Amino acid sequence: MIKIFPSTGFFLRKILAIWFCVFLFSASNAQEVVIGENTDGRVTVRATRFEGEINIDGELDESIYETIAPISDFIQNIPTEGAPASERTEVWVFYNDDAIYVTAKNYESVPEEDWVANEMRRDTFQLRTNDSLSVMLDTFLDRRNGVAFLVSPIGGFSDFAISNEGDRGRGVNFDWNIVWDSRVGRFDGGWTVEMEIPFRSLRYDPGEEQTWGLQFRRIIRRLNEASYLTEIPISATLSGPPLVAGMWRISEAADLTELEVPPRNFNMEIKPYGLGTVTTNRLASPPFNDDFDGEAGLDVKLGLTNNLTADFTYNTDFAQVEVDERQVNLTRFNLFFPEKREFFLEGEGNFDFTSPRTLDVPTMFFSRRIGLEQGQIVPINAGGRLTGKIGDFDIGALTIGTDGSGF
Numbered sequence: 001m002i003k004i005f006p007s008t009g010f011f012l013r014k015i016l017a018i019w020f021c022v023f024l025f026s027a028s029n030a031q032e033v034v035i036g037e038n039t040d041g042r043v044t045v046r047a048t049r050f051e052g053e054i055n056i057d058g059e060l061d062e063s064i065y066e067t068i069a070p071i072s073d074f075i076q077n078i079p080t081e082g083a084p085a086s087e088r089t090e091v092w093v094f095y096n097d098d099a100i101y102v103t104a105k106n107y108e109s110v111p112e113e114d115w116v117a118n119e120m121r122r123d124t125f126q127l128r129t130n131d132s133l134s135v136m137l138d139t140f141l142d143r144r145n146g147v148a149f150l151v152s153p154i155g156g157f158s159d160f161a162i163s164n165e166g167d168r169g170r171g172v173n174f175d176w177n178i179v180w181d182s183r184v185g186r187f188d189g190g191w192t193v194e195m196e197i198p199f200r201s202l203r204y205d206p207g208e209e210q211t212w213g214l215q216f217r218r219i220i221r222r223l224n225e226a227s228y229l230t231e232i233p234i235s236a237t238l239s240g241p242p243l244v245a246g247m248w249r250i251s252e253a254a255d256l257t258e259l260e261v262p263p264r265n266f267n268m269e270i271k272p273y274g275l276g277t278v279t280t281n282r283l284a285s286p287p288f289n290d291d292f293d294g295e296a297g298l299d300v301k302l303g304l305t306n307n308l309t310a311d312f313t314y315n316t317d318f319a320q321v322e323v324d325e326r327q328v329n330l331t332r333f334n335l336f337f338p339e340k341r342e343f344f345l346e347g348e349g350n351f352d353f354t355s356p357r358t359l360d361v362p363t364m365f366f367s368r369r370i371g372l373e374q375g376q377i378v379p380i381n382a383g384g385r386l387t388g389k390i391g392d393f394d395i396g397a398l399t400i401g402t403d404g405s406g407f
């Protein structure tokens with residue numbers, strides 16, 4: 001009986017063909033890794049340009065998620081310093097000509113009724129103690145100042161500015177509000193979030209390709225856990241509320257690289273207002289009917305450059321300013337109410353001359369005193385201010401004219 005065996009070359013060609021098909025399939029399904037480390041050991045994240053259509057709807061269904069690997073492996077700050085986060089978080093950062101986008105899948109091992117999410121009021125302290133996903137951007141890469149955005153599982157949101165790494169809470173401005181958008185959603189095993197932050201709402205250095213500071217924070221309230229993209233020492237929690245203060249340690253943030261920002265266009269916001277009154281007083285001497293009166297004013301914000309902003313105000317009206325929270329004072333010391341008037345909020349940290357390392361330095365400038373005289377309101381006739389950054393220096397200039405004072 002004679003047996004005929006195929007040649008060895010036939011088998012070899014067949015094996016090579018199968019291996020080549022497997023290689024092509026794997027390559028087509030591989031996701032591009034965007035996270036790494038630089039030569040100094042600092043975590044780096046490469047920003048990804050996305051030209052497709054982006055819908056801010058809480059559904060992570062764009063094609064970019066098939067090609068870009070997520071950023072994950074967060075590290076606990078509290079309660080166990082340096083330990084892996086208890087729940088997995090996957091984050092993506094991409095951009096187009098209009099905005100920078102931060103999206104995330106936040107995994108949960110417990111049902112939704114065990115999540116802590118019960119606050120929808122913008123910027124409240126209670127919101128910052130809910131479950132949340134936050135991002136911080138150090139747009140000037142000075143390792144001291146940044147802006148942050150927070151979203152909870154039910155869509156509550158907050159935005160705030162950080163100066164001098166929080167300055168023990170005095171350098172965190174929760175009344176800083178810009179135009180941005182966010183949506184949340186659900187998936188089997190957790191919740192999703194999409195944030196859209198327009199470049200026109202941010203201040204940054206001129207130049208197309210930039211590197212910004214970047215930090216992510218995930219708060220899981222039922223575990224009293226705060227985890228970050230980079231390792232934050234537990235000592236950072238001594239500068240403020242433990243769950244949130246780690247975000248203020250901007251010097252420990254990662255680098256967001258290869259970000260192509262658009263050139264700054266002429267940007268001007270004008271907010272006019274008008275008030276009218278009609279008064280009738282039959283008991284006056286002489287009596288009068290239908291006495292008409294009115295006044296008008298406006299606020300102007302002008303983006304001079306990418307990193308310089310001018311604000312002007314005329315016949316300022318603060319009727320729409322958020323009401324101060326009530327405080328009970330049983331001491332002999334004056335109460336401290338934070339600034340909430342929009343005109344004074346842009347670059348507020350530039351006028352803070354205290355040191356983050358000392359608590360006994362007096363407050364040399366407090367804008368809430370402007371427009372008050374011995375507890376009585378003094379109308380502001382006009383004012384102007386210039387804030388921003390030139391090179392390594394933060395700058396701020398302010399002039400205000402009130403009734404009877406001039407400039």
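Following my numbering, the numbering of the sequence shown begins with 1 at its first residue and continues without gaps.
Glycine included, every Cβ here is placed at the ideal spot set by N, Cα and C.
Quick caveat: nothing in here was measured; it's all calculated off a predicted structure.
Residue i vs residue j beta-carbon contact at 8 Å
i, j, result
"N106", "T89", "yes"
"I380", "I400", "yes"
"F149", "N96", "no"
"E209", "E258", "yes"
"S227", "A117", "no"
"F94", "I56", "no"
"N130", "S109", "no"
"V300", "F312", "yes"
"T267", "Y204", "Sequence inspection shows Asn at residue 267; the Thr mentioned does not correspond to that position. In this structure, Y204 does not lie closer than 8 Å to N267 by Cβ."
"G297", "T277", "no"
"R218", "L127", "no"
"D352", "D138", "no"
"G383", "T316", "yes"
"A69", "Q31", "yes"
"G213", "D181", "no"
Residue i versus residue j: straight-line alpha-carbon distance, rounded
i, j, result
"F25", "V45", "The predicted model places F25 with a pLDDT of 42, which falls under 50 and marks its position as unreliable, so this point remains unresolved."
"T358", "E165", "Confidence is the limiting factor: at T358 the pLDDT is only 49, short of 50, which leaves the residue's position unreliable and the question unanswerable from this model."
"T192", "T103", "7 Å"
"R200", "E346", "15 Å"
"V91", "G146", "19 Å"
"A284", "D291", "12 Å"
"G169", "Y314", "32 Å"
"F194", "L223", "Note that residue 194 is Glu in the sequence shown, not Phe. Rounded to whole angstroms, E194 to L223 spans 24 Å at the Cα level."
"V172", "V244", "11 Å"
"R122", "F160", "11 Å"
"E66", "L372", "58 Å"
"I390", "A397", "13 Å"
"E339", "R368", "6 Å"
"I154", "N289", "53 Å"
"G156", "D324", "21 Å"
"L229", "P263", "29 Å"
"T402", "P286", "32 Å"
"R332", "T237", "30 Å"
"T387", "E260", "24 Å"
"E342", "M120", "22 Å"
"Q376", "Q327", "19 Å"
"S235", "V34", "29 Å"
"K271", "I71", "40 Å"
Segment limits, beta strand (DSSP E) that includes residue i
i, result
"A117", "A117 -> no beta strand (DSSP E), and no H or E assigned at all."
"R341", "From DSSP, R341 is part of no beta strand (DSSP E); its letter is neither H nor E."
"E165", "Here E165 belongs to no beta strand (DSSP E), and DSSP marks it neither H nor E."
"L150", "G146 to V151"
"A382", "I380 to I390"
"L141", "L141 -> no beta strand (DSSP E), and no H or E assigned at all."
"V410", "The question about residue 410 has no answer here: the residues shown for the chain are numbered 1 through 407."
"G37", "According to the sequence provided, residue 37 is Glu. The question's Gly does not apply to it. From DSSP, the beta strand (DSSP E) with E37 extends over I35 to E37."
Span of the alpha helix (DSSP H) around residue i
i, result
"R128", "F125 to R128"
Three-state secondary structure (DSSP) of residue i
i, result
"W191", "strand"
"R186", "strand"
"Y204", "coil"
"E66", "helix"
"I400", "strand"
"N173", "strand"
"E373", "strand"
"R49", "strand"
"E209", "strand"
"F199", "helix"
"E32", "strand"
"F333", "coil"
"F408", "Here the chain comprises residues numbered 1 to 407, so residue 408 is not present and cannot be evaluated."
Neighbour flag for residue i against chain B, beta carbons, 8 Å
i, result
"A47", "Of the protein chains in the structure, only one exists, and it is not chain B."
Check: residue i C-beta below 7 Å from any heavy atom of the ligand GTP
i, result
"W176", "With respect to the ligand GTP, the structure offers nothing, as it holds no ligand at all."
Practice task
Would you mind listing the beta strand (DSSP E) stretches within the stretch 212–297 that are 3+ residues and don't spill past its ends, in chain order?
Solution key: 225–228, 254–260 and 267–281
Practice task
At 3 residues or longer, and completely inside the stretch 72–114: list those beta strand (DSSP E) runs for me, N to C.
Solution key: 75–78, 89–95 and 99–107
Practice task
List in chain order: all unbroken beta strand (DSSP E) runs of 3+ residues lying wholly within the stretch 299–328.
Solution key: 308–314
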